[in-house]
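Let me begin by presenting the structure, written as structure tokens, before commenting on it.
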Ligand SMILES: Nc1ncnc2c1ncn2[C@@H]1O[C@H](COP(=O)(O)OP(=O)(O)OP(=O)(O)O)[C@@H](O)[C@H]1O
Ligand SMILES: [Mg+2]
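In my numbering, the protein residues as written are 15 to 278.
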């Protein structure tokens, strides 16, 4: 997410653009006018101190929260008032910082469900649809689900009910659900936090391959080693605005970023 994108002004629109996003929780003005865009086909890291508003920004981008002011464009189209389900159907996927409680679907069923993002009424209110999707899923869908389970190293757990998974396995399940559907933009909120080092190393390879294949990733991460390794660009969120953004090297070497964030 950069502040300006002059080079692409006359070509395809950025995958994601946000303009003037503001969000207040009671007396706490968390976002004070966030404006920027995410470069297509790049990995962009969103960094900032605890409480800076990174998750809030991802929640607004993905439609979980609404902003008080501002506009969100996905592939040049205004999606500001649209639901999270609509954004998912349009190719936006996300994982949550804290894995959510899963239902008693098996791991395989949970990923299969993610193959078909629901209508705006949501999954919960449409159990018949859920059962229909699971029963009628064509062979191709099942193959794709199997691939996602293998990529996320969950294939040995595919028949276990999702509510029996460990914290780390739930995170991997969220990622498998994101991979189950074709995405233009994947937003990851500290996906690697709390995972074992060998799993993180493996996932870094998966992320890099996704980006090589044209997927855009916007990821929140505190581990700067991971940021350095994966990010093409970095956005530094501070005091409710994008304080710095640009190439990974330029932001991480910026003396103000160092004193405001790295120096903590
Ligand atoms: N639903 C909510 N209701 C009230 N306050 C909230 C809510 N969500 C976030 N906040 C507050 O907004 C601020 C930003 O929170 P947010 O979770 O976005 O930060 P963050 O940058 O993701 O932090 P961390 O790195 O710790 O995950 C914090 O002060 C937090 O307490
Ligand atoms: Mg957060």
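Glycine included, C-beta positions come from ideal geometry on N, C-alpha and C.
Residues near residue i by beta carbon distance below 7 Å, same chain, minus five either side
| i | result |
| --- | --- |
| residue 172 | 120, 121, 122 and 163 |
| residue 72 | 108, 201, 203 and 234 |
Exposure label - residue i; buried when at least 16 CB within 10 Å
| i | result |
| --- | --- |
| residue 194 | buried |
| residue 264 | exposed |
| residue 6 | The shown model of the chain, from 15 to 278, leaves out residue 6, and the question about it has no answer. |
| residue 102 | buried |
| residue 42 | exposed |
| residue 59 | buried |
| residue 266 | buried |
| residue 275 | buried |
| residue 242 | exposed |
| residue 40 | exposed |
| residue 272 | exposed |
DSSP-derived helix/strand/coil call for residue i
| i | result |
| --- | --- |
| residue 29 | coil |
| residue 214 | helix |
| residue 74 | helix |
| residue 68 | helix |
| residue 111 | coil |
| residue 222 | helix |
| residue 206 | coil |
| residue 195 | coil |
| residue 92 | strand |
| residue 182 | helix |
| residue 84 | strand |
| residue 246 | coil |
| residue 52 | strand |
| residue 172 | coil |
Whole-angstrom distance between residue j and residue i, CA atom to CA atom
| i | j | result |
| --- | --- | --- |
| residue 208 | residue 214 | 9 Å |
| residue 91 | residue 53 | 15 Å |
| residue 177 | residue 32 | 35 Å |
| residue 226 | residue 55 | 8 Å |
| residue 63 | residue 250 | 9 Å |
| residue 99 | residue 77 | 8 Å |
| residue 74 | residue 160 | 31 Å |
| residue 255 | residue 38 | 13 Å |
| residue 126 | residue 50 | 34 Å |
| residue 105 | residue 30 | 11 Å |
| residue 246 | residue 261 | 6 Å |
| residue 211 | residue 95 | 39 Å |
| residue 48 | residue 34 | 5 Å |
| residue 218 | residue 149 | 34 Å |
| residue 238 | residue 191 | 26 Å |
| residue 83 | residue 44 | 12 Å |
| residue 270 | residue 61 | 14 Å |
| residue 224 | residue 240 | 16 Å |
| residue 111 | residue 257 | 23 Å |
Sequence-distant residues of its chain with Cβ nearer than 6 Å to residue i (five each side left out)
| i | result |
| --- | --- |
| residue 155 | 129 |
| residue 184 | 113 |
Bridge partners - residue i, DSSP secondary structure assignment
| i | result |
| --- | --- |
| residue 38 | 43 |
| residue 252 | 255 |
| residue 233 | 59 and 202 |
8 Å Cβ shell around residue i - same chain, five flanking residues per side excluded
| i | result |
| --- | --- |
| residue 27 | 87, 89 and 90 |
| residue 46 | 36, 253, 254 and 255 |
| residue 165 | 190, 193 and 220 |
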